[in-house]
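Numbering (the numbering used here), first residue to last: 22 to 341.
By construction, the Cβ of each residue, glycine as well, lies at the ideal position given by its N, Cα and C atoms.
Small disclaimer: the values here were computed from a predicted structure and weren't measured.
Report on the structure given below.
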Amino acid sequence: MGSYKNIGTILIPMFIVLLLSLNYMPCKAQLSTTFYDNTCPKALKTIRKSVRDAVASNPRNAALLVRLVFHDCFVQGCDASLLLEGTGSEKASPANDGVLGYEVIDAAKAAVESVCPGVVSCADILAVAARDASVAVKGPSWVVRLGRRDSTTSNAAQAATDLPRGNFNLSQLVSNFRNKGLNTREMVALSGSHTLGQARCTRFRGRIYNNSLPIDSAFATSLRQNCPTTGSDGNLEPLDLVTPNKFDNNYFRNLLTNKGLLISDQVLFNGDSTDSIVNEYARSTSRFKSDFAAAMVKMSEIDPLTGSNGVIRTLCTSAS
């Protein structure tokens, strides 16, 4: 019986040691909506003005900014590695050939640096700019949690393997997005970003000449006039035939009539598992916008660098 008298004296010190050890256990830094409230309270307002000015001067910039954050987050996570320049960079990879809008991010970064130097990451500016670009063209808004830091490395080889292609079939698209933690519905919703912007002839030539997917004959004839079998590689066509500079659901309506510009567009509506989602979005702009916003939040938080990981780059193009 005497041994029981010592249990309290043994267990209490052990409990205190456990509590102390828990207090010193490192924990992963989290993204937060209030991250810059004290260190750079004008950050979001400054980014928003830069984006609004850019879209006002050229509406195509809205599509470019949404595309930039997508291409960044799918390679190494949301770390602004896409913006780094140099040999072997993602930016120089053929997988990012035709990706534009970098100068808008550079301008936003310069504007933010002028009000609070060395505080706001390029990765956060990318995430916020995509949201503000959507709003600028009547698209949805969403809450952007902040605290991402910037990578000092960039990986052209990973860009080649991890980014989806315009000639992907449905199973390739589903697998590609699943590898990034995004489900099929989120993949379809994010594909709806093609309600904005344009694609070059090189990206849709296979759709109009060598593809077995159904295509509206008048649509195909029109595209062939602007995109011959050889040459004119840089000629552009809108991804959304009706309202390429407005965020709406016409992209999905086009798919219903076999007028998807890219192979990866039309495979979303081709007698397969995603047909019902396309039909739903074609009927309801509000449902599409809601799902798109939620998917953008999730995508923009893929493997961010936080806490003491990464850096805050002064120039988005350079790690030094």
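When burial is assigned at 16 or more other CB atoms within 10 Å of the CB, is residue 292 buried or exposed? Stepping through the sequence shown from its first residue, residue 292 is reached at position 271. Its Cβ having fewer than 16 others within 10 Å, residue 292 is exposed.
Would you kindly work out how many angstroms separate the C-alpha atoms of residue 162 and residue 54, rounded to a whole number? Against the sequence shown, residue 162 aligns to sequence position 141. Against the sequence shown, residue 54 aligns to sequence position 33. Spanning the two alpha carbons is a distance of roughly 14 Å.
For residue 256, which residues from the same chain have a beta carbon less than 8 Å from its beta carbon, with the 5 sequence-adjacent residues on both sides left out? In the sequence shown, residue 256 corresponds to position 235, counting from 1. 221, 222, 247 and 248, listed in sequence order.
Quick check: residue 207 and residue 319, are their CB atoms within less than 8 Å of each other? Sequence index remark: in the sequence shown, residue 207 carries index 186 (1-based). Sequence index remark: in the sequence shown, residue 319 carries index 298 (1-based). Closer than 8 Å, so yes.
If you draw a straight line from the C-alpha of residue 43 to the C-alpha of residue 126, how long is it? For the purposes of this step, residue 43 is identified with residue 22 of the sequence shown, where counting begins at 1. For the purposes of this step, residue 126 is identified with residue 105 of the sequence shown, where counting begins at 1. Since pLDDT at residue 43 reaches only 38, below the 50 mark, its modelled position is unreliable, and the value read off the structure follows with that caveat. Taking the straight line joining both Cα atoms gives about 41 Å.
Distance, residue 203 Cα to residue 283 Cα: By 1-based counting over the sequence shown, the position of residue 283 is 262. By 1-based counting over the sequence shown, the position of residue 203 is 182. Rounded to whole angstroms, residue 283 to residue 203 spans 21 Å at the Cα level.
Any idea what DSSP makes of residue 167, helix, strand or coil? Residue 167 sits at position 146 when you count from the first residue of the sequence shown. Three-state DSSP puts residue 167 in a strand.
Taking Cβ to Cβ, would you say residue 103 is nearer than 8 Å to residue 86? Translated into positions along the sequence shown, residue 103 becomes position 82. Translated into positions along the sequence shown, residue 86 becomes position 65. Contact: no.
Taking the alpha carbon of residue 303 as the point to measure from, which residue in 311, 317, 332 and 273 has its own alpha carbon closest? Mapped onto the sequence shown, residue 303 falls at position 282. Per the Cα distances, 273.
To the nearest angstrom, how far is it from the Cα of residue 288 to the Cα of residue 321? Your numbering for residue 288 matches position 267 in the sequence shown. Your numbering for residue 321 matches position 300 in the sequence shown. Between residue 288 and residue 321, the C-alpha separation is close to 25 Å.
Going by other Cβ atoms of all chains shown within 10 Å of its Cβ, with 16 needed for buried, is residue 360 buried or exposed? The shown model of the chain, from 22 to 341, leaves out residue 360, and the question about it has no answer.
Within 10 angstroms of the Cβ of residue 164, are there 16 or more other Cβ atoms? Answer buried if so, exposed if not. One-based indexing of the sequence shown puts residue 164 at position 143. Exposed, by the Cβ-count rule.
On the criterion of 16 or more Cβ atoms from any shown chain inside 10 Å, does residue 327 qualify as buried, or is it exposed? Reading the sequence shown from its first residue, position 306 is the one you call residue 327. Residue 327 comes out buried.
Contacts around residue 63, its chain only, beta-carbon distance under 6 Å, and the 5 residues preceding and following it disregarded: Position 42 of the sequence shown holds residue 63. Once the five neighbours on either side are set aside, the close Cβ partners of residue 63 are 136.
Within the same chain, show all residues whose beta-carbon is closer than 6 Å to that of residue 151, passing over the 5 residues directly before and after it, in chain order. Sequence index remark: in the sequence shown, residue 151 carries index 130 (1-based). Only 86, 87 and 90 meet the Cβ criterion.
Across which residues does DSSP place residue 287 in a beta bridge pair? One-based indexing of the sequence shown puts residue 287 at position 266. Per DSSP, none; premise fails for residue 287.
Might you give, ordered along the chain, the residues of its own chain that have their beta carbon closer than 6 Å to the beta carbon of residue 259, omitting 5 neighbours on each side? Walking along the sequence shown from the start, residue 259 turns up at place 238. The answer, listed in chain order, is 219 and 265.
Can you name, in chain order, every residue of its own chain whose Cβ lies under 6 Å from the Cβ of residue 168, other than the five neighbours on each side? Walking along the sequence shown from the start, residue 168 turns up at place 147. These residues qualify, in order along the chain: 52, 53, 56 and 327.
Assign residue 259 to one of three DSSP states: helix, strand, or coil. Here residue 259 refers to the residue found at position 238 of the sequence shown. In the structure shown, residue 259 sits in a strand (DSSP, three-state: E or B).
Rounded separation between residue 240 and residue 305 - CA only: As a working mapping, residue 240 is identified with position 219 in the sequence shown. As a working mapping, residue 305 is identified with position 284 in the sequence shown. Rounded to whole angstroms, residue 240 to residue 305 spans 24 Å at the Cα level.
Burial state of residue 118, where buried means 16 or more other Cβ atoms lie within 10 Å: Walking along the sequence shown from the start, residue 118 turns up at place 97. It is exposed - the Cβ of residue 118 has fewer than 16 other Cβ atoms within 10 Å.
If you drop the 5 nearest sequence neighbours on each side, which residues of the same chain put their C-beta closer than 8 Å to that of residue 139? If you number the sequence shown from 1, residue 139 lands on position 118. Excluding residues within five positions, the ones whose Cβ falls inside 8 Å are 333 and 335.
Considering only their Cβ atoms, is the gap separating residue 120 from residue 68 smaller than 8 Å? Counting from 1 along the sequence shown, the entry for residue 68 is found at position 47. Counting from 1 along the sequence shown, the entry for residue 120 is found at position 99. The answer is no: Cβ separation not under 8 Å.
Between the beta-carbon of residue 285 and the beta-carbon of residue 189, is there less than 8 Å? Here residue 285 is taken as the residue at index 264 of the sequence shown, counted from 1. Here residue 189 is taken as the residue at index 168 of the sequence shown, counted from 1. The answer is yes: Cβ separation under 8 Å.
Excluding five sequence neighbours on each side, which residues of the same chain lie with their C-beta closer than 6 Å to the C-beta of residue 253? Position 232 of the sequence shown, counted from the first residue, corresponds to residue 253. Counting only Cβ-Cβ distances below 6 Å, and skipping sequence neighbours, we find 222.
Of the residues 106, 268, 229 and 298, which one's Cα is nearest the Cα of residue 340? For the purposes of this step, residue 340 is identified with residue 319 of the sequence shown, where counting begins at 1. Among 106, 268, 229 and 298, the Cα nearest to that of residue 340 belongs to 106.
Would you report the Cα separation of residue 144 and residue 338, rounded to the nearest angstrom? Taking the first residue of the sequence shown as position 1, residue 144 is located at position 123. Taking the first residue of the sequence shown as position 1, residue 338 is located at position 317. If I take the Cα positions, the gap works out to 12 Å.
Exposed unless 16 or more other CB atoms sit within 10 angstroms - verdict on residue 263: Residue numbering aside, residue 263 sits at position 242 when the sequence shown is read from its first letter. Residue 263 comes out exposed.
Residue span of the beta strand (DSSP E) that contains residue 69, given as start and end: Along the sequence shown, read from residue 1 onward, the residue named residue 69 stands at position 48. Residue 69 -> not in any beta strand (DSSP E); alpha helix (DSSP H) instead, spanning 64-78.
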